[in-house]
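Residue numbers (my numbering): 103 to 532. Even glycine gets a Cβ: it sits at the ideal position worked out from N, Cα and C.
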(Lines of atoms letter the chains of each structure in order from A and count residues from 1; the text may use other names and numbers.)
(Lines give C-alpha, C1' and ligand atoms only; values in the text may rest on other atoms or scores of the structure.)
Protein backbone atom coordinates (compact mmCIF):
# COMPACT_ATOMS: atom_id res chain seq x y z
CA UNK A 1 0.00 0.00 0.00
CA UNK A 2 1.38 3.37 -0.95
CA UNK A 3 2.21 6.09 1.59
CA UNK A 4 -0.56 8.28 0.16
CA UNK A 5 -3.15 5.51 0.61
CA UNK A 6 -2.06 4.87 4.20
CA UNK A 7 -2.25 8.59 4.94
CA UNK A 8 -5.76 8.81 3.51
CA UNK A 9 -6.95 5.82 5.56
CA UNK A 10 -5.47 7.26 8.76
CA UNK A 11 -7.11 10.60 8.02
CA UNK A 12 -10.48 8.92 7.50
CA UNK A 13 -10.14 6.95 10.75
CA UNK A 14 -9.33 10.13 12.65
CA UNK A 15 -12.32 11.91 11.14
CA UNK A 16 -14.63 9.04 12.08
CA UNK A 17 -13.31 8.96 15.67
CA UNK A 18 -13.61 12.74 15.98
CA UNK A 19 -17.15 12.62 14.64
CA UNK A 20 -18.12 9.88 17.06
CA UNK A 21 -16.70 11.88 19.96
CA UNK A 22 -18.57 14.99 18.87
CA UNK A 23 -21.83 13.05 18.55
CA UNK A 24 -21.46 11.61 22.06
CA UNK A 25 -20.92 14.96 23.79
CA UNK A 26 -23.26 17.87 24.35
CA UNK A 27 -21.85 21.36 24.60
CA UNK A 28 -23.11 23.42 27.54
CA UNK A 29 -24.41 26.79 26.38
CA UNK A 30 -23.51 29.91 28.34
CA UNK A 31 -27.16 30.85 28.87
CA UNK A 32 -27.84 27.44 30.49
CA UNK A 33 -25.35 28.04 33.30
CA UNK A 34 -27.18 29.29 36.41
CA UNK A 35 -25.72 31.72 38.90
CA UNK A 36 -23.19 34.54 38.69
CA UNK A 37 -21.25 34.52 35.45
CA UNK A 38 -19.70 36.81 32.89
CA UNK A 39 -18.67 36.34 29.27
CA UNK A 40 -15.61 38.50 28.73
CA UNK A 41 -15.50 38.62 24.96
CA UNK A 42 -12.40 40.82 24.93
CA UNK A 43 -10.39 38.31 26.96
CA UNK A 44 -12.13 35.29 25.43
CA UNK A 45 -13.17 33.71 28.73
CA UNK A 46 -16.23 32.63 30.64
CA UNK A 47 -15.90 33.79 34.26
CA UNK A 48 -17.59 31.28 36.57
CA UNK A 49 -17.64 30.09 40.20
CA UNK A 50 -17.18 33.45 41.86
CA UNK A 51 -15.70 33.34 45.34
CA UNK A 52 -14.62 36.27 47.49
CA UNK A 53 -14.57 39.71 45.88
CA UNK A 54 -11.48 40.62 43.91
CA UNK A 55 -10.35 43.76 45.67
CA UNK A 56 -9.47 46.85 43.72
CA UNK A 57 -6.82 47.99 46.17
CA UNK A 58 -4.20 45.75 47.70
CA UNK A 59 -5.07 46.89 51.22
CA UNK A 60 -8.60 45.60 50.65
CA UNK A 61 -10.52 48.87 50.54
CA UNK A 62 -13.15 50.00 48.12
CA UNK A 63 -11.98 53.58 48.17
CA UNK A 64 -14.43 56.37 48.90
CA UNK A 65 -13.43 60.01 49.00
CA UNK A 66 -16.00 61.93 51.05
CA UNK A 67 -17.07 65.38 49.82
CA UNK A 68 -13.93 66.71 48.14
CA UNK A 69 -16.08 69.52 46.66
CA UNK A 70 -13.86 69.86 43.63
CA UNK A 71 -15.22 72.51 41.27
CA UNK A 72 -14.57 71.64 37.62
CA UNK A 73 -14.85 74.66 35.32
CA UNK A 74 -15.01 74.74 31.52
CA UNK A 75 -11.77 75.72 29.84
CA UNK A 76 -9.74 75.17 33.01
CA UNK A 77 -7.04 72.50 33.42
CA UNK A 78 -8.18 69.09 34.60
CA UNK A 79 -8.76 69.02 38.36
CA UNK A 80 -7.35 66.26 40.55
CA UNK A 81 -9.87 64.01 42.30
CA UNK A 82 -7.28 62.16 44.35
CA UNK A 83 -4.32 59.77 44.19
CA UNK A 84 -4.65 56.06 44.85
CA UNK A 85 -1.60 53.92 45.76
CA UNK A 86 -1.19 50.17 45.43
CA UNK A 87 -3.77 49.52 42.73
CA UNK A 88 -4.10 46.00 41.34
CA UNK A 89 -2.96 45.59 37.70
CA UNK A 90 -5.20 45.09 34.66
CA UNK A 91 -8.41 45.36 36.64
CA UNK A 92 -11.67 46.83 35.40
CA UNK A 93 -13.45 49.03 37.91
CA UNK A 94 -16.09 51.72 38.16
CA UNK A 95 -15.53 55.32 39.15
CA UNK A 96 -18.81 56.77 40.42
CA UNK A 97 -18.93 60.54 40.93
CA UNK A 98 -21.59 62.37 42.89
CA UNK A 99 -22.19 65.69 41.14
CA UNK A 100 -23.89 68.86 42.36
CA UNK A 101 -24.64 72.32 40.98
CA UNK A 102 -23.99 71.10 37.48
CA UNK A 103 -24.69 73.19 34.41
CA UNK A 104 -24.77 70.18 32.10
CA UNK A 105 -22.21 69.12 29.56
CA UNK A 106 -19.59 66.46 28.99
CA UNK A 107 -17.19 65.38 31.72
CA UNK A 108 -13.83 63.87 30.80
CA UNK A 109 -12.27 61.58 33.40
CA UNK A 110 -8.55 60.92 33.09
CA UNK A 111 -6.65 58.09 34.75
CA UNK A 112 -3.07 59.33 35.05
CA UNK A 113 0.27 58.36 36.43
CA UNK A 114 1.59 60.64 39.14
CA UNK A 115 4.05 62.19 36.68
CA UNK A 116 1.09 63.43 34.65
CA UNK A 117 1.17 60.85 31.86
CA UNK A 118 -2.40 59.99 30.83
CA UNK A 119 -3.20 56.26 30.88
CA UNK A 120 -6.80 56.48 29.70
CA UNK A 121 -9.63 58.95 29.15
CA UNK A 122 -13.37 58.39 29.46
CA UNK A 123 -16.15 60.85 28.60
CA UNK A 124 -19.73 60.94 29.89
CA UNK A 125 -22.63 63.38 29.71
CA UNK A 126 -23.87 64.90 32.97
CA UNK A 127 -26.83 67.02 34.06
CA UNK A 128 -27.53 69.24 37.03
CA UNK A 129 -26.70 66.79 39.81
CA UNK A 130 -26.78 63.10 40.71
CA UNK A 131 -24.43 60.18 40.15
CA UNK A 132 -22.25 59.71 37.10
CA UNK A 133 -20.65 56.33 36.43
CA UNK A 134 -17.52 55.81 34.33
CA UNK A 135 -15.90 52.47 33.50
CA UNK A 136 -12.10 52.39 33.94
CA UNK A 137 -9.24 49.89 33.86
CA UNK A 138 -5.88 49.93 35.59
CA UNK A 139 -2.74 49.42 33.47
CA UNK A 140 -1.25 45.90 33.31
CA UNK A 141 2.12 46.89 34.80
CA UNK A 142 1.03 48.38 38.13
CA UNK A 143 2.51 47.11 41.38
CA UNK A 144 2.54 47.92 45.10
CA UNK A 145 4.54 51.08 44.50
CA UNK A 146 2.35 52.36 41.67
CA UNK A 147 0.15 55.37 42.40
CA UNK A 148 -2.53 56.59 40.05
CA UNK A 149 -4.41 59.87 39.93
CA UNK A 150 -7.91 60.73 38.76
CA UNK A 151 -8.47 64.05 37.01
CA UNK A 152 -11.61 65.60 35.61
CA UNK A 153 -12.41 68.34 33.11
CA UNK A 154 -15.80 69.41 31.78
CA UNK A 155 -17.51 71.54 29.15
CA UNK A 156 -19.88 72.91 31.82
CA UNK A 157 -19.23 73.82 35.44
CA UNK A 158 -19.96 71.13 38.02
CA UNK A 159 -18.95 70.29 41.58
CA UNK A 160 -17.73 66.77 42.45
CA UNK A 161 -18.86 66.05 46.01
CA UNK A 162 -17.95 62.38 46.30
CA UNK A 163 -15.78 59.83 44.49
CA UNK A 164 -16.33 56.07 44.86
CA UNK A 165 -14.08 53.49 43.22
CA UNK A 166 -15.25 49.88 43.17
CA UNK A 167 -15.24 46.77 41.06
CA UNK A 168 -17.63 46.97 38.14
CA UNK A 169 -20.95 45.47 39.13
CA UNK A 170 -21.64 43.31 36.11
CA UNK A 171 -18.29 41.57 36.53
CA UNK A 172 -19.46 40.16 39.83
CA UNK A 173 -23.16 39.67 39.25
CA UNK A 174 -25.15 38.44 36.31
CA UNK A 175 -27.60 35.91 37.66
CA UNK A 176 -30.02 34.41 35.15
CA UNK A 177 -32.20 32.55 37.63
CA UNK A 178 -36.02 32.92 37.58
CA UNK A 179 -35.92 35.25 40.60
CA UNK A 180 -32.33 36.47 40.64
CA UNK A 181 -30.73 37.90 43.70
CA UNK A 182 -27.82 39.85 42.36
CA UNK A 183 -25.94 43.09 42.39
CA UNK A 184 -24.38 45.34 44.93
CA UNK A 185 -26.80 47.19 47.19
CA UNK A 186 -26.44 50.67 48.59
CA UNK A 187 -29.65 52.01 50.10
CA UNK A 188 -30.49 55.59 51.02
CA UNK A 189 -32.66 56.56 53.98
CA UNK A 190 -33.45 60.23 54.48
CA UNK A 191 -34.96 62.18 57.34
CA UNK A 192 -38.44 61.38 56.01
CA UNK A 193 -37.78 57.69 56.60
CA UNK A 194 -38.55 56.88 52.96
CA UNK A 195 -37.72 53.44 51.66
CA UNK A 196 -35.54 53.98 48.58
CA UNK A 197 -33.97 50.76 47.30
CA UNK A 198 -31.25 50.94 44.68
CA UNK A 199 -29.89 47.58 43.62
CA UNK A 200 -29.91 45.37 40.59
CA UNK A 201 -32.75 43.21 39.33
CA UNK A 202 -34.37 41.05 41.94
CA UNK A 203 -37.24 41.22 44.37
CA UNK A 204 -37.75 43.05 47.62
CA UNK A 205 -40.56 43.30 50.13
CA UNK A 206 -41.79 46.73 51.19
CA UNK A 207 -41.08 47.26 54.89
CA UNK A 208 -44.59 48.57 55.62
CA UNK A 209 -47.01 46.78 53.28
CA UNK A 210 -45.13 43.51 52.91
CA UNK A 211 -45.88 43.50 49.18
CA UNK A 212 -43.40 41.96 46.78
CA UNK A 213 -42.20 44.29 44.07
CA UNK A 214 -39.79 43.66 41.24
CA UNK A 215 -37.11 46.11 40.19
CA UNK A 216 -36.35 46.73 36.54
CA UNK A 217 -32.64 46.27 35.69
CA UNK A 218 -32.67 49.59 33.86
CA UNK A 219 -33.28 51.39 37.16
CA UNK A 220 -29.66 50.76 38.07
CA UNK A 221 -26.85 51.98 35.90
CA UNK A 222 -23.49 50.30 35.90
CA UNK A 223 -21.57 51.42 38.93
CA UNK A 224 -24.02 53.88 40.46
CA UNK A 225 -24.08 53.80 44.24
CA UNK A 226 -26.68 55.90 46.03
CA UNK A 227 -26.86 56.68 49.71
CA UNK A 228 -26.20 54.52 52.72
CA UNK A 229 -28.23 52.30 55.05
CA UNK A 230 -27.91 53.60 58.60
CA UNK A 231 -29.80 54.05 61.86
CA UNK A 232 -32.63 51.91 60.53
CA UNK A 233 -34.07 48.43 60.79
CA UNK A 234 -35.25 47.47 57.31
CA UNK A 235 -34.65 44.55 54.97
CA UNK A 236 -31.57 45.19 52.88
CA UNK A 237 -31.84 42.27 50.46
CA UNK A 238 -34.60 39.75 50.07
CA UNK A 239 -35.48 36.97 47.68
CA UNK A 240 -38.72 35.15 46.95
CA UNK A 241 -39.08 31.55 47.96
CA UNK A 242 -41.18 28.82 46.44
CA UNK A 243 -41.22 26.52 43.45
CA UNK A 244 -38.41 27.34 41.03
CA UNK A 245 -37.61 30.47 43.00
CA UNK A 246 -34.79 31.61 45.18
CA UNK A 247 -31.15 31.48 44.20
CA UNK A 248 -29.80 28.02 43.33
CA UNK A 249 -26.15 28.22 44.36
CA UNK A 250 -23.70 25.47 45.30
CA UNK A 251 -22.54 25.92 48.87
CA UNK A 252 -20.78 24.18 51.73
CA UNK A 253 -23.09 23.10 54.51
CA UNK A 254 -26.45 24.83 54.85
CA UNK A 255 -25.29 28.18 53.49
CA UNK A 256 -26.51 30.02 50.43
CA UNK A 257 -23.56 31.99 49.10
CA UNK A 258 -20.73 34.12 50.32
CA UNK A 259 -21.67 37.46 51.83
CA UNK A 260 -19.31 40.42 51.89
CA UNK A 261 -19.98 43.85 53.33
CA UNK A 262 -18.27 47.03 54.43
CA UNK A 263 -19.34 48.49 57.76
CA UNK A 264 -18.56 51.67 59.64
CA UNK A 265 -19.17 52.29 63.34
CA UNK A 266 -21.53 50.29 65.54
CA UNK A 267 -24.03 48.17 63.63
CA UNK A 268 -25.70 44.78 63.82
CA UNK A 269 -25.79 42.45 60.83
CA UNK A 270 -28.15 39.52 61.41
CA UNK A 271 -28.89 37.10 58.61
CA UNK A 272 -32.54 36.18 58.94
CA UNK A 273 -34.85 33.50 57.65
CA UNK A 274 -38.52 34.42 57.86
CA UNK A 275 -39.97 31.77 55.54
CA UNK A 276 -41.72 30.25 58.56
CA UNK A 277 -43.32 32.01 61.54
CA UNK A 278 -40.29 31.44 63.76
CA UNK A 279 -37.65 33.96 62.78
CA UNK A 280 -34.13 32.56 62.93
CA UNK A 281 -31.12 34.82 63.41
CA UNK A 282 -27.81 33.46 62.21
CA UNK A 283 -24.30 34.86 61.74
CA UNK A 284 -25.04 37.98 63.72
CA UNK A 285 -22.20 40.47 63.62
CA UNK A 286 -22.13 43.56 65.81
CA UNK A 287 -19.88 46.53 65.31
CA UNK A 288 -16.51 46.93 63.64
CA UNK A 289 -13.75 47.02 63.00
CA UNK A 290 -14.48 49.40 60.17
CA UNK A 291 -13.90 48.01 56.72
CA UNK A 292 -14.68 44.89 54.69
CA UNK A 293 -15.92 41.65 56.25
CA UNK A 294 -17.19 38.43 54.78
CA UNK A 295 -18.93 35.26 55.83
CA UNK A 296 -20.79 32.28 54.47
CA UNK A 297 -24.57 32.40 54.63
CA UNK A 298 -25.50 29.71 57.14
CA UNK A 299 -29.23 29.77 57.71
CA UNK A 300 -30.89 27.13 59.85
CA UNK A 301 -31.29 24.03 57.62
CA UNK A 302 -34.71 23.44 59.21
CA UNK A 303 -35.91 26.44 57.21
CA UNK A 304 -34.14 25.58 53.98
CA UNK A 305 -34.24 22.87 51.37
CA UNK A 306 -30.61 21.93 51.88
CA UNK A 307 -28.87 18.57 52.03
CA UNK A 308 -25.36 18.88 53.38
CA UNK A 309 -23.00 20.28 50.82
CA UNK A 310 -24.84 21.23 47.68
CA UNK A 311 -27.37 23.60 46.20
CA UNK A 312 -29.19 25.98 48.51
CA UNK A 313 -32.71 27.00 47.62
CA UNK A 314 -35.64 28.24 49.62
CA UNK A 315 -38.98 26.51 49.84
CA UNK A 316 -42.51 27.81 50.36
CA UNK A 317 -44.30 26.55 53.43
CA UNK A 318 -46.54 29.49 54.31
CA UNK A 319 -48.03 31.53 51.49
CA UNK A 320 -48.64 34.50 53.72
CA UNK A 321 -44.97 34.75 54.65
CA UNK A 322 -42.86 33.35 51.87
CA UNK A 323 -39.62 35.28 51.86
CA UNK A 324 -36.11 35.17 53.19
CA UNK A 325 -34.67 38.40 54.50
CA UNK A 326 -31.00 37.76 54.10
CA UNK A 327 -29.56 40.87 55.70
CA UNK A 328 -30.81 43.77 57.75
CA UNK A 329 -29.06 46.53 59.65
CA UNK A 330 -29.97 48.42 62.79
CA UNK A 331 -27.84 50.59 65.02
CA UNK A 332 -25.99 53.89 64.85
CA UNK A 333 -23.39 52.72 62.36
CA UNK A 334 -23.72 52.13 58.65
CA UNK A 335 -23.34 49.37 56.08
CA UNK A 336 -22.72 51.01 52.75
CA UNK A 337 -21.70 48.13 50.48
CA UNK A 338 -23.21 44.69 50.47
CA UNK A 339 -22.11 41.96 48.09
CA UNK A 340 -23.70 38.56 47.54
CA UNK A 341 -21.66 36.12 45.52
CA UNK A 342 -23.72 33.27 44.08
CA UNK A 343 -21.92 30.50 42.25
CA UNK A 344 -22.94 28.18 39.40
CA UNK A 345 -25.22 25.23 38.65
CA UNK A 346 -25.44 23.38 35.30
CA UNK A 347 -28.69 21.40 34.85
CA UNK A 348 -28.43 17.96 33.21
CA UNK A 349 -31.04 15.76 31.56
CA UNK A 350 -31.45 12.89 34.05
CA UNK A 351 -29.95 9.54 33.16
CA UNK A 352 -27.78 10.79 30.30
CA UNK A 353 -24.52 12.15 31.66
CA UNK A 354 -21.34 10.11 32.03
CA UNK A 355 -18.63 12.78 32.31
CA UNK A 356 -18.13 16.51 32.17
CA UNK A 357 -15.11 18.18 30.64
CA UNK A 358 -13.91 21.74 30.25
CA UNK A 359 -10.83 23.78 29.49
CA UNK A 360 -9.73 26.35 32.05
CA UNK A 361 -6.91 28.87 32.35
CA UNK A 362 -4.24 27.76 34.84
CA UNK A 363 -1.73 29.88 36.77
CA UNK A 364 0.72 29.63 33.89
CA UNK A 365 -2.02 31.19 31.73
CA UNK A 366 -2.32 28.03 29.64
CA UNK A 367 -5.55 26.32 28.64
CA UNK A 368 -5.75 23.06 30.60
CA UNK A 369 -8.22 20.21 30.08
CA UNK A 370 -10.21 18.90 33.04
CA UNK A 371 -12.50 15.86 32.93
CA UNK A 372 -14.35 14.05 35.69
CA UNK A 373 -16.97 11.26 35.65
CA UNK A 374 -20.60 12.01 36.53
CA UNK A 375 -23.07 9.49 37.98
CA UNK A 376 -25.72 8.59 35.40
CA UNK A 377 -28.35 9.62 37.98
CA UNK A 378 -27.01 13.18 38.20
CA UNK A 379 -29.48 16.02 37.65
CA UNK A 380 -26.96 18.86 37.77
CA UNK A 381 -23.33 19.80 38.22
CA UNK A 382 -22.33 22.58 40.60
CA UNK A 383 -19.20 24.74 40.45
CA UNK A 384 -18.12 25.88 43.91
CA UNK A 385 -15.23 28.24 44.62
CA UNK A 386 -13.67 26.89 47.83
CA UNK A 387 -10.35 28.63 48.43
CA UNK A 388 -7.85 30.71 46.55
CA UNK A 389 -7.56 29.37 42.98
CA UNK A 390 -9.45 26.17 43.86
CA UNK A 391 -12.82 25.21 42.37
CA UNK A 392 -14.72 22.03 43.26
CA UNK A 393 -17.28 20.33 41.02
CA UNK A 394 -20.30 18.62 42.59
CA UNK A 395 -22.99 16.34 41.21
CA UNK A 396 -26.63 16.52 42.30
CA UNK A 397 -28.59 13.26 42.52
CA UNK A 398 -31.81 12.22 44.22
CA UNK A 399 -29.87 11.41 47.38
CA UNK A 400 -28.04 14.74 47.64
CA UNK A 401 -24.77 16.27 46.48
CA UNK A 402 -21.43 14.54 46.08
CA UNK A 403 -18.02 16.00 45.14
CA UNK A 404 -16.70 15.11 41.69
CA UNK A 405 -13.25 16.64 41.64
CA UNK A 406 -11.22 19.77 42.27
CA UNK A 407 -9.54 22.19 39.87
CA UNK A 408 -6.56 23.29 41.99
CA UNK A 409 -4.63 25.93 40.07
CA UNK A 410 -6.89 28.44 38.36
CA UNK A 411 -5.27 31.66 37.20
CA UNK A 412 -7.77 33.94 38.97
CA UNK A 413 -7.76 34.10 42.79
CA UNK A 414 -11.54 34.29 43.11
CA UNK A 415 -13.18 32.63 40.09
CA UNK A 416 -12.71 30.07 37.33
CA UNK A 417 -11.81 31.25 33.83
CA UNK A 418 -13.18 28.79 31.28
CA UNK A 419 -12.60 28.68 27.53
CA UNK A 420 -15.90 29.62 25.83
CA UNK A 421 -17.92 26.66 24.57
CA UNK A 422 -15.45 24.18 26.08
CA UNK A 423 -17.80 22.72 28.70
CA UNK A 424 -19.13 19.42 27.37
CA UNK A 425 -21.19 16.62 28.88
CA UNK A 426 -20.57 13.11 27.55
CA UNK A 427 -23.70 11.04 26.98
CA UNK A 428 -24.13 7.33 26.15
CA UNK A 429 -24.30 6.51 22.44
CA UNK A 430 -27.80 5.90 21.05
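The segment 233–240 makes no contact with the segment 169–179; the number of CB pairs closer than 8 Å stays below 3. Excluding the 5 residues flanking it on each side, residue 520 has same chain C-beta neighbours closer than 6 Å at 148, 150, 460, 462, in chain order.
Of the candidates 516, 504, 505, 530, 530 places its Cα closest to the Cα of residue 451. Looking at the DSSP output, residue 475 sits in a beta bridge with 457. For residue 135, no beta strand (DSSP E) run applies, since DSSP gives it neither H nor E. With a cutoff of 7 Å on beta-carbon distance, residue 254 and residue 201 are scored as not near each other.
In the structure shown, residue 512 falls within a strand segment according to DSSP collapsed to helix, strand and coil.
DSSP links residue 260 through a beta bridge to 174.
In the assembly as shown, residue 129 is an exposed residue. Its beta-carbon has fewer than 16 other beta-carbons within 10 Å.
Under DSSP, the beta-bridge partners assigned to residue 483 are 448, 497. If you look at residue 128, you'll find it in the beta strand (DSSP E) that goes 127–129.
For residue 463, the pairing in a beta bridge is given by DSSP as 469.
Under the three-state reduction of DSSP output, residue 525 falls in the coil class, being neither helix nor strand. The beta-carbon distance between residue 483 and residue 496, rounded to whole angstroms, is 7 Å. This is short enough to meet the 8 Å contact definition. Assignment of residue 191 by DSSP, reduced to helix, strand and coil, places it in the coil class. Put simply, the backbone Cα of residue 507 is about 12 Å away from that of residue 487.
Counting every other CB atom within 10 Å of its CB across the protein chains shown gives residue 526 a total of 16 or more, marking it as buried.
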